[in-house]
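Engineer: Below are the structure tokens for one structure; questions will follow.
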Ligand code: ADP
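Numbering (our numbering), first residue to last: 15 to 533.
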């Protein structure tokens, strides 16, 4: 059977061997076993349903949210001699009718549709008349409300599957999925957990770095100066910020375009095409830009603002280096961006349960900005690939030359203070108590009487907050979910109290002197 798959691979796609994971996934689908494939971007997900689709009789229905990509994918299949089509809102009703008639005559092996199309009862009726043997669901994380890109129209897929008489084989594919999302996809699509294939999230060609507390425009200009002529994306969180940054870079003389949902469809299309065909090298955009941008030579992705969670970050940053050549992912961190993300969660129509979950994910994103660990390892651990010894060797932390310093004493002071404040307050107040500040809240709660009051008076409040952020990122301190997170101690902090664990941190020389001055 796999030999037959290899023949298809060679004859239709021109490749000699399967990539990591493809063979198992393809075998599963050929055996009609429902399957979920999690593969990194550029890993080769399309072949996981295209090869089985060629071996199977009948039609493969591909559900994809990426209207802009459908045409390219279908053209590529037709070029390879595989009759295929797509049906989406870019076509006239006459064209749709023609394609539907051809589909009824079984002229296609692959039919691509957007999930919204499945809302139409007439269209679902048509699907019943077709010999659909495989349903491939691309970007499958969109089906889960725990995913970062939930699309309600994806829920129609269930309905289609239930309505079809001959149960087709389901293969769901995505590049990003946390444990919650995986189990959600499996539940909704009835995929047994043992048929989930994770071929790994590691993107070895990407290097991750972040810059904290510097003027963002200066950093961007310095970066662009060093990367002249290379294609890159700069993500900003609001339309206004995109407009401003775009103007600024344009004035500076860069070949830059912009993309956000406030522009007309035509403007967006034009900007996208200019970028795809290298007429502009830099695209400044909100997160509306990207899903389905198949530009392989993006060399860097800069995040001007903190993304809402690691999934969104990894997916956006992962648009660098799709061709396997080195790509750089730079995040510009400013604590104020955290407030914007919290505001967005607060303002959203999500229920409280989902909000709490979003706050938790935001905290994990913030922790990413404060950890000392390999940044790629941190991301992999987030997705459940917990390999403590993995080092990418090229991220900010792997290449960090700063010296390691034992900060167990300060950590114990911070832990004690949190405990004495009954684990009921946020980091600002804890830092102020340790600093020995005088203000209304401190007087109101009588915190001057605490034995930990003023213990770190030689430091700035900012330094203390910075240490707390680090201790949170390393899992000693936990922050409750919500708009105003409260600091609580994790069991890891108690190991430090017992003397079983030391707290080691890399520090700059000046930070180190500050630490030592205090002792
Ligand atoms: P994904 O959807 O996972 O991001 P694609 O399916 O678009 O990735 O594949 C990325 C690239 O890798 C495509 O150019 C594809 O033709 C190529 N590719 C996929 N599988 C193989 C393989 N077995 N051998 C060589 N190239 C492959």
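Just so it is clear, CB atoms sit at the ideal spot from N, CA and C, and this is done for glycine as well.
Quick check: the Cα distance between residue 265 and residue 223, rounded to an integer number of angstroms?
Structural biologist: CA-to-CA, the gap between residue 265 and residue 223 works out to about 27 Å.
Engineer: Considering only the beta carbon of each residue, do residue 171 and residue 148 sit closer than 8 Å?
Structural biologist: no
Engineer: Distance, Cα to Cα, residue 348 vs residue 442?
Structural biologist: Near 16 Å, if we compare the C-alpha coordinates of residue 442 and residue 348.
Engineer: Using only alpha-carbon positions, find the residue among 247, 186, 73 and 402 that is nearest to residue 40.
Structural biologist: With distances taken between Cα atoms, residue 40 lies closest to 186.
Engineer: Verify the contact flag: residue 398, CB atom, against every heavy atom of the ligand ADP, threshold strictly below 7 Å.
Structural biologist: no
Engineer: Give the single residue among 44, 38 and 484 whose Cα lies nearest to the Cα of residue 52.
Structural biologist: For residue 52, the closest of 44, 38 and 484 by C-alpha to C-alpha distance is 38.
Engineer: Could you tell me the alpha carbon to alpha carbon distance between residue 524 and residue 419, rounded to whole angstroms?
Structural biologist: Only weak support exists for where residue 524 lies, its pLDDT of 47 falling under 50; the coordinates are left without a value.
Engineer: Run the CB neighbour count on residue 3, radius 10 Å, all protein chains shown included, and call it buried at 16 or more, exposed below.
Structural biologist: In this structure the chain extends from 15 to 533, so residue 3 is not present and cannot be described.
Engineer: Comparing alpha-carbon positions, which option in 86, 32, 118 and 252 lies nearest residue 73?
Structural biologist: If we check each option's Cα against that of residue 73, 118 comes out closest.
Engineer: According to DSSP, is residue 67 part of a helix, a strand, or is it coil?
Structural biologist: It is helical.
Engineer: Alpha carbons only, please: which of 157, 105 and 106 is nearest the one belonging to residue 129?
Structural biologist: 157
Engineer: Are the CB atoms of residue 249 and residue 330 nearer to each other than 8 Å?
Structural biologist: yes
Engineer: Which residue or residues does DSSP assign as beta-bridge partners of residue 519?
Structural biologist: Residue 519 is bridged by DSSP to 419.
Engineer: In the DSSP assignment, the alpha helix (DSSP H) including residue 108 goes from what residue to what residue?
Structural biologist: 107-118
Engineer: Identify whether residue 500 lies in helix, strand or coil by the three-state DSSP scheme.
Structural biologist: coil
Engineer: Going by beta-carbon coordinates alone, are residue 184 and residue 79 separated by less than 8 Å?
Structural biologist: no
Engineer: Given that a residue counts as buried once 16 or more other Cβ atoms are within 10 Å of its Cβ, and exposed if not, what is residue 351?
Structural biologist: buried
Engineer: If you follow the beta strand (DSSP E) that residue 249 is part of, which residue opens it and which one closes it?
Structural biologist: 245-249
Engineer: Would the beta-carbon of residue 495 be found less than 7 Å away from any heavy atom of the ligand ADP?
Structural biologist: Not under cutoff, so the answer is no.
Engineer: Is there at least one non-hydrogen atom of the ligand ADP closer than 7 Å to the beta-carbon of residue 82?
Structural biologist: Distances taken from the Cβ of residue 82 to the heavy atoms of the ligand ADP include none shorter than 7 Å.
Engineer: Which residues in the same chain as residue 437 place their Cβ atom closer than 6 Å to its Cβ, once the five residues preceding and following it in sequence are excluded?
Structural biologist: These residues qualify, in order along the chain: 502.
Engineer: Which class does residue 344 belong to by DSSP, given the choice of helix, strand or coil?
Structural biologist: In the three-state reduction of the DSSP assignment, residue 344 falls in the strand class, which pools E and B.
Engineer: Using the rule of at least 16 other Cβ atoms within 10 Å of the residue's Cβ for burial, across every protein chain shown, is residue 295 buried or exposed?
Structural biologist: buried
Engineer: Out of 439, 346 and 315, state which residue places its alpha-carbon closest to the alpha-carbon of residue 227.
Structural biologist: 346
Engineer: Need the endpoints of the alpha helix (DSSP H) that residue 354 sits in, please.
Structural biologist: 349-361
Engineer: Between the beta-carbon of residue 379 and the beta-carbon of residue 322, is there less than 8 Å?
Structural biologist: yes
Engineer: So for residue 150, helix, strand or coil by DSSP?
Structural biologist: The answer is strand: DSSP assigns residue 150 an E or B state.
Engineer: Please find out if some non-hydrogen atom of the ligand ADP comes closer than 7 Å to the beta-carbon of residue 91.
Structural biologist: no
Engineer: Would you list the residues sitting across from residue 495 in a DSSP beta bridge?
Structural biologist: Answer is none; residue 495 lacks a bridge partner.
Engineer: State the start and end residues of the unbroken beta strand (DSSP E) segment that holds residue 187.
Structural biologist: 183-188
Engineer: Residue 370 by DSSP, collapsed to three states: which one?
Structural biologist: helix
Engineer: What's the C-alpha gap between residue 472 and residue 408?
Structural biologist: 35 Å
Engineer: Span of the beta strand (DSSP E) holding residue 484?
Structural biologist: First-last for residue 484: 475-487, but that is the alpha helix (DSSP H), not the beta strand (DSSP E).
Engineer: In its own chain, which residues sit with a C-beta less than 6 Å from the C-beta of residue 462, not counting the 5 before and 5 after it?
Structural biologist: none
Engineer: Pull up the distance between the alpha-carbon of residue 440 and that of residue 220, whole angstroms please.
Structural biologist: Computed Cα separation, rounded: 35 Å.
Engineer: Touching or not, the region 197-216 and the region 100-113, by the rule of three or more beta carbon pairs under 8 Å?
Structural biologist: no
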